[in-house]
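**Student:**
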Amino acid sequence: MVEPNFLIIGAARAGTTSLYSCLAQHPQIYMSPRKEPNFFAGERVNMETYYSFFEGVSNEIAIGEASTWYLYSKKAPERIRNHIPKVKLIAILRNPVDRAYSHFLLNLRAYREPLTSFAQAVREEDNRIHNNWRLDLHHKHMGFYYAQLKRYFDLFERNKIKIYIYEEDLKGDIVSMLQDTFRFLEVDDAFIPNIPRYHVSGSYKNKALHALSQPSPIKSALKLLIPERALEYIKNRNLEKTEVPSEVRRQLLQEYRADITKLQDLIQRDLSVWLE
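What follows is the structure in structure tokens.
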């Protein structure tokens, strides 16, 4: 029976896939092949099933998994504390306005978001939550990081929690961030992985071309004729970068301001750039 000694808990759309990929390349780190099992955020907790995610461990020092719902979930912190109390936790936080918009665009491209207007989706969110809509449509609420992290800070020692800022750490100096992560996990910090580029964000230019990139019998047939990397290139070229509408940004910033201010004190990081 092998259990993880670290978890990447979020946030969604904040670079966790890139971090997962980089850590998985380290010879002293084992990452669950199943990314985002979101086990402790689910309805049931069967530890035998969970341990099966780590059956491939041999002599690795750091053993982990990445599940972005752990940060947003109200149930996950206590469950994690009860089942793997000595675990280390890693979170990447992104400007909550940009994170919400990126998540909205992702859901729009995946046909999970029925509204094409971000402003309207934000207005409808409280009603959606009241009516038990799927969690990944909680675009705005997933960005109130203070309350989410506070649940972990109340249950785990501070030195067991590592917080990174997407804009400053992952985008600004990912090599230094990875070296710091390796030291946190007590593995060789001289290792430099191949750093992938994930989560190209934007709206699609051509709807017909976008439809071909979605799971379907047509895409399966195309995969036999066109390399996966070429399909990924076509998909990314079909995206155009869009900005958060200025009025919506101002509105969301006002809603997030108090949370960001408290978050700064909690994690001891200057987040003033988020408040601009």
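Residue numbering for the sequence shown follows the working numbering, starting at 21 and increasing by one per position.
Positions of the beta carbon are idealized from the N, C-alpha and C atoms, including for glycine.
For the stretch 161 to 175 against the stretch 270 to 287, are there 3 or more C-beta pairs whose distance is under 8 Å?
**Tutor:** As far as the Cβ criterion goes, the stretch 161 to 175 touches the stretch 270 to 287, which means the pair count is three or higher.
**Student:** If you reduce the DSSP assignment to three classes, tell me which class Lys180 lands in.
**Tutor:** Taking the first residue of the sequence shown as 1, we reach residue 180 at position 160. Helix at Lys180.
**Student:** Quick one: what does DSSP say Ala86 is sitting in, helix, strand or coil?
**Tutor:** Against the sequence shown, residue 86 aligns to sequence position 66. In the structure shown, Ala86 adopts extended strand secondary structure according to DSSP, grouped into three states.
**Student:** Can the beta-carbon of Tyr186 be found less than 8 Å from the beta-carbon of Arg289?
**Tutor:** Here residue 186 is taken as the residue at index 166 of the sequence shown, counted from 1. Here residue 289 is taken as the residue at index 269 of the sequence shown, counted from 1. No, Cβ-Cβ distance for Tyr186 and Arg289 is not below 8 Å.
**Student:** If we call anything under 8 Å between Cβ atoms a contact, is Ala86 one with Thr36?
**Tutor:** As a first step, residue 86 must be located in the sequence shown, where it is residue number 66. As a first step, residue 36 must be located in the sequence shown, where it is residue number 16. Yes, the pair counts as a contact, with Cβ atoms nearer than the cut-off.
**Student:** In the structure shown, what three-state DSSP assignment does Ile280 receive?
**Tutor:** Taking the sequence shown and counting its residues from 1, one reaches residue 280 at position 260. Looking at Ile280 - three-state DSSP - the assignment turns out to be helix.
**Student:** Tell me where the alpha helix (DSSP H) around Met51 begins and ends.
**Tutor:** Reading the sequence shown from its first residue, position 31 is the one you call residue 51. From DSSP, Met51 is part of no alpha helix (DSSP H) but of the beta strand (DSSP E) over 49 to 51.
**Student:** Could I get the ranges of all uninterrupted alpha helix (DSSP H) runs contained in the stretch 31 to 69, with 4 residues as the minimum, in chain order?
**Tutor:** 36 to 45
**Student:** How long is the line joining the alpha carbons of Pro53 and Phe73, rounded to whole angstroms?
**Tutor:** What you label residue 53 is simply residue 33 of the sequence shown in a count that begins at 1. What you label residue 73 is simply residue 53 of the sequence shown in a count that begins at 1. Using only the alpha carbons, I get a separation of about 7 Å.
**Student:** Since Ile110 is in the alpha helix (DSSP H), which residue starts that stretch and which ends it?
**Tutor:** As a working mapping, residue 110 is identified with position 90 in the sequence shown. Membership of Ile110 in any alpha helix (DSSP H) is not indicated; the residue belongs instead to the beta strand (DSSP E) covering 108 to 113.
**Student:** Would you list, in sequence order, the uninterrupted beta strand (DSSP E) runs of no fewer than 3 residues that lie entirely inside the stretch 114 to 185?
**Tutor:** List check, beta strand (DSSP E) in window: 181 to 185.
**Student:** Tyr121: buried (16+ other C-beta within 10 angstroms of its C-beta) or exposed?
**Tutor:** Position 101 of the sequence shown, counted from the start, is the residue given in the question as residue 121. Buried, by the Cβ-count rule.
**Student:** Pair every Cβ in the stretch 165 to 178 with every Cβ in the stretch 80 to 97, then say whether three or more of these pairs are closer than 8 Å.
**Tutor:** yes
**Student:** What residue range does the alpha helix (DSSP H) around Arg203 cover?
**Tutor:** As a first step, residue 203 must be located in the sequence shown, where it is residue number 183. The continuous alpha helix (DSSP H) containing Arg203 extends over residues 194 to 204.
**Student:** Is the stretch 26 to 46 touching the stretch 194 to 203 in the sense that three or more CB pairs, one from each, lie closer than 8 Å?
**Tutor:** yes
**Student:** Which residues bound the alpha helix (DSSP H) around Asn102?
**Tutor:** As a first step, residue 102 is located in the sequence shown; it is residue number 82 there, counting from the start. Segment 96 to 103, the alpha helix (DSSP H) holding Asn102.
**Student:** For Lys191, does the count of other Cβ atoms within 10 angstroms reach 16, so buried, or fall short, so exposed?
**Tutor:** Indexing the sequence shown from 1 puts residue 191 at position 171. So Lys191 ends up on the exposed side.
**Student:** Could you check the C-alpha separation between Asp189 and Ala82 for me, to the nearest Å?
**Tutor:** In the sequence shown, residue 189 corresponds to position 169, counting from 1. In the sequence shown, residue 82 corresponds to position 62, counting from 1. Answer to the nearest angstrom: the Cα atoms are 21 Å apart.
**Student:** Give the secondary structure of Ile287 by DSSP, where H, G and I count as helix, E and B as strand, and everything else as coil.
**Tutor:** Walking along the sequence shown from the start, residue 287 turns up at place 267. In this structure, Ile287 counts as helix in the three-state DSSP scheme.
**Student:** Taking Ile215 as the reference, which of Leu205, Asp209, Val195, Asp208 has the closest Cα?
**Tutor:** Sequence index remark: in the sequence shown, residue 215 carries index 195 (1-based). The shortest Cα separation from Ile215 among Leu205, Asp209, Val195, Asp208 belongs to Val195.
**Student:** Can you check DSSP and say which residues form a bridge with Glu187?
**Tutor:** Locating residue 187 in the sequence shown gives position 167, where the first residue counts as 1. Bridge partners of Glu187: none, in fact.
**Student:** Could you round the C-beta distance between Ile110 and Ile28 to whole angstroms and report it? I think they count as a contact, below 8 Å.
**Tutor:** Position 90 of the sequence shown, counting from 1, holds the residue named residue 110. Position 8 of the sequence shown, counting from 1, holds the residue named residue 28. So it is a contact: roughly 5 Å between Cβ atoms.
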